[in-house]
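Written out below as C-alpha cells is the structure these notes cover.
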Amino acid sequence: GPEAVLIGVVHTPQLLPLQGKTLAEIARIGNKDPMDALFDLLIEDHALTSVAVFGMSEPDVALALQQPWVSVDNDSSGTAPDGILGQEHPHPRAYGTFPRILHKYVREERKLTLEDAVRKFSALPAQRMRLTDRGVLKAGLWADLVIFDPAKVHDVATFDNPNQLSKGMEYVLVNGVPVIDHSEMTGALPGKVLRGPGYVP
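Structure representation (C-alpha cells):
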C-alpha cells in the first residue's frame, strides 16, 4: 500500500520537501487519495521521481545472495553527504551496499563467507562485464582495491537519513591511486569511464 512507497529523489525544486516521505504521508498532507497524490507528483516531477518500495522478502534476499552466480552491484547515481548532491534523498544503498553485505550477511548472519562476498563484489561482476583487466589481484592488471577491517565495516545510511558514509573502509585505490586514505577522501580522481563491447557512440 501507500505506506510501503517511500519517495526518494525528486528533480523539481519545489518538491524537495517530499523527499523521504511515504506516499501515504504525501496523500495526507495534500488531502488526496494516494493514487491521485502519486500521479500528481509524477506529473509535477516530469516522471523523474525515484521511489523505494518495501516489499522484499528477507529470506529470499539471503537465498539469492547465496547463489554462486549472483553478483552484488550498486545502481545508485553519484551522491555526497554534503553540497549540492547532499540535497537528494537517495536509497541507503548509495552509501552502504557493500558494507551492508559485509556487516549483515557475512559477519552477523553468516549467510556468506567473506571470500564469497568479496568475489561477488569484484571478480564476478568484472567477469560478467568482460572487464578482463580488472576484478582480481594479479600483476599487470589495474589495481582497484578496497582495504577494510572485516570486524568493523558497517553501513550507517538509513531510509530516514541516507546521506551518511559507511564505516570501516580504510583505503580505496582506483587504478592504483589512493582515493580514500585512512577513511578520508584524498581528492584524487583517477577513475575513467569503462565501455564494454556493446558500446555504441
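Residue numbers (the working numbering): 25 to 225.
Virtual Cβ for every residue (Gly too), placed ideally from N, Cα, C.
Just so you know, these numbers come straight off a predicted model, no measurement behind them.
Select from the options the residue whose C-alpha is nearest the C-alpha of residue i.
{"i": "residue 193", "options": "155, 186, 180, 185", "result": "180"}
{"i": "residue 206", "options": "197, 213, 214", "result": "197"}
{"i": "residue 135", "options": "53, 164, 91", "result": "91"}
{"i": "residue 217", "options": "199, 139, 211", "result": "199"}
{"i": "residue 102", "options": "187, 78, 183", "result": "187"}
{"i": "residue 43", "options": "224, 151, 184", "result": "184"}
{"i": "residue 67", "options": "41, 36, 203", "result": "36"}
{"i": "residue 63", "options": "78, 175, 93, 47", "result": "47"}
Less than 7 Å separating the beta-carbons of residue i and residue j?
{"i": "residue 119", "j": "residue 190", "result": "yes"}
{"i": "residue 89", "j": "residue 129", "result": "yes"}
{"i": "residue 141", "j": "residue 126", "result": "yes"}
{"i": "residue 69", "j": "residue 34", "result": "yes"}
{"i": "residue 153", "j": "residue 222", "result": "no"}
{"i": "residue 212", "j": "residue 224", "result": "no"}
{"i": "residue 117", "j": "residue 100", "result": "yes"}
In terms of residues, what are the limits of the alpha helix (DSSP H) holding residue i?
{"i": "residue 119", "result": "117–124"}
{"i": "residue 60", "result": "58–68"}
{"i": "residue 145", "result": "138–145"}
Identify, in the order they occur along the chain, each residue of the same chain with its Cβ nearer than 6 Å to the Cβ of residue i, setting aside the five sequence neighbours on each side.
{"i": "residue 97", "result": "149"}
{"i": "residue 121", "result": "98"}
{"i": "residue 169", "result": "197"}
{"i": "residue 145", "result": "96, 122"}
{"i": "residue 171", "result": "194, 195"}
{"i": "residue 54", "result": "61"}
{"i": "residue 39", "result": "69"}
Cutting at 7 Å between CB atoms, please list the residues of its own chain near residue i, excluding the five before and the five after it.
{"i": "residue 51", "result": "26, 57, 58, 61"}
{"i": "residue 178", "result": "123, 127, 190, 191, 192"}
Tell me which residue opens and which closes the beta strand (DSSP E) that residue i is part of.
{"i": "residue 76", "result": "75–77"}
{"i": "residue 50", "result": "Note, residue 50: premise wrong, no beta strand (DSSP E); alpha helix (DSSP H) at 47–54."}
{"i": "residue 87", "result": "First-last for residue 87: 82–89, but that is the alpha helix (DSSP H), not the beta strand (DSSP E)."}
{"i": "residue 172", "result": "169–172"}
{"i": "residue 129", "result": "Premise fails: residue 129 is in no beta strand (DSSP E) and is neither H nor E."}
{"i": "residue 202", "result": "201–205"}
Do the stretch 93–113 and the stretch 27–40 meet, that is, are 3 or more Cβ pairs less than 8 Å apart?
-> yes
Say whether the stretch 144–164 touches the stretch 208–217, bearing in mind that this needs 3 or more beta-carbon pairs closer than 8 Å, one atom from each stretch.
-> no
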